[in-house]
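If you're matching positions, the sequence shown starts at -1 in our numbering and goes up one per residue. The beta-carbon is built from N, C-alpha and C at its ideal position, and this holds for glycine as well. This report refers to the structure that appears directly beneath it.
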Amino acid sequence: MLSEKYANLLAGEAAHFNITLTKQQEEKFSAYADLLVQWNEKINLTAITDEEGIVIKHFLDSLSIMPYMPEDARTLIDVGTGAGFPGIPVKIVNDKISVTLLDSLEKRVKFLNEVISSLGLKEIYAVHGRAEDFGADRKHREQFDVAVARAVASLPVLLEYCLPFVKVGGLFIAMKGPDAENELKESGKALEVLGGEIIGTSELTLPGSDNKRCIILIKKCRHTPTSYPRKSGKPTKQPIK
């Protein structure tokens, strides 16, 4: 259970993202933190297990994308979700959106299903697989209003992982660190090939720390060619540049 100090920090800082947490939502975040620490003893989910780190670097970092979420978004995929960030925090504060959590490690998916069940979350699905395979699958390809990814690869690689999931007119939100500017410079070709366009960037510093973040907003303007994403492993080894 989150201590009063960090429960108050979460609620207070969430307000900066125009989020007013209910008591029930606070309890869900607290239960999520407990599960994260418990399961982390069995499987490697995160290097961050202290209360302050979980609240700031996981929960608040995840919620930082909420001001950029389109109001009419009803479907979201979190690519390379890991321990459920940002997808689960997004679901906790926005019950209207259907969330798919995609991860390539089956043991992490078991953890995600435990969180979903324990928190009583509805319309959120944890799936085991690789972005390259799911992005080519008709059931998932261009089926989502929003795709999100939190620093799982460089931006040119992330674009190939994520844009195939997004409907034309939809949004890809890339959550990056302080090196985002250099990654943006290297992403022109990937954007052109995959049908995306940068429509905004926003820098922020997480509260109580000097952790700088950059949120990059990419609109899906055209259908992604069927030859993308390329086969498993290729986007990482040979990024589109």
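Beta carbon of Y123, beta carbon of L99: below 8 Å? The answer is yes: Cβ separation under 8 Å.
Buried or exposed: P223, going by 16 or more other Cβ atoms within 10 Å of its Cβ? Answer is exposed; the Cβ neighbour count stays below 16.
If you compare alpha carbons, which of R211, G168, L157 and I213 is closest to Q236? Of the listed residues, the one whose Cα sits closest to Q236 is L157.
Nearest-angstrom Cα separation, counted from Y4 out to V35: Approximately 15 Å, taken between the alpha carbons.
Would you tell me roughly how many angstroms separate the C-alpha atoms of N180 and T203, rounded to the nearest one? Whole-angstrom Cα-Cα distance: 18 Å.
Bounding residues of the alpha helix (DSSP H) (the contiguous stretch that carries E25): Its alpha helix (DSSP H) spans residues K21 to N38.
Taking only the alpha-carbon atoms, compute the straight-line gap between R220 and V191 and give it to the nearest angstrom. Cα to Cα, the separation comes out at about 10 Å.
Taking the alpha helix (DSSP H) that Y226 belongs to, which residues open and close that run? Where Y226 is concerned, there is no enclosing alpha helix (DSSP H), given that its DSSP letter is neither H nor E.
The beta strand (DSSP E) that contains V191, what's its start and end? Looking at the DSSP string, V191 is not in any beta strand (DSSP E); the run it does join, the alpha helix (DSSP H), is G186 to L192.
What is the rounded straight-line gap between the Cα of E121 and the Cα of A31? The straight-line gap from Cα to Cα measures roughly 21 Å.
To the nearest angstrom, how far is it from the Cα of D93 to the Cα of S28? In a straight line, the C-alpha of D93 is about 18 Å away from that of S28.
Per-residue DSSP class, three states only, for K174: DSSP places K174 within a strand segment (E or B) once states are collapsed to three.
Taking the alpha-carbon of V166 as reference, which of G175, Q141 and K183 has the nearest alpha-carbon? The shortest C-alpha separation from V166 is found at Q141.
Count the other CB atoms within 10 Å of the CB of T79; is the residue buried (16 or more) or exposed (fewer)? With 16 or more Cβ atoms within 10 Å of its Cβ, T79 is classed as buried.
Contact check, D280 vs A71, beta carbons under 8 Å: Residue 280 lies beyond the stretch modelled for the chain, which goes from -1 to 239, so this question has no answer here.
Is it buried or exposed for H14, if we count other Cβ within 10 angstroms and need 16 for buried? Burial call: exposed.
Quick check: the Cα distance between H126 and P154, rounded to an integer number of angstroms? Approximately 23 Å between the Cα atoms of the pair.
From this set, A145, L33, G51 and R128, which residue's C-alpha is nearest G85's C-alpha? Sorting A145, L33, G51 and R128 by C-alpha distance to the C-alpha of G85 places A145 at the top.
Nearest-angstrom beta carbon gap, P227 and P162 [assumed within contact, 8 Å]: Contact flag correct, Cβ pair sits at about 5 Å.
Distance, Cα to Cα, S62 vs S230? When rounded, the distance between both Cα atoms is 30 Å.
If we count the other Cβ atoms within 10 Å of its Cβ and call it buried at 16 or more, is S241 buried or exposed? Residue 241 cannot be examined here, being either before or after the span of the chain that is shown, -1 to 239.
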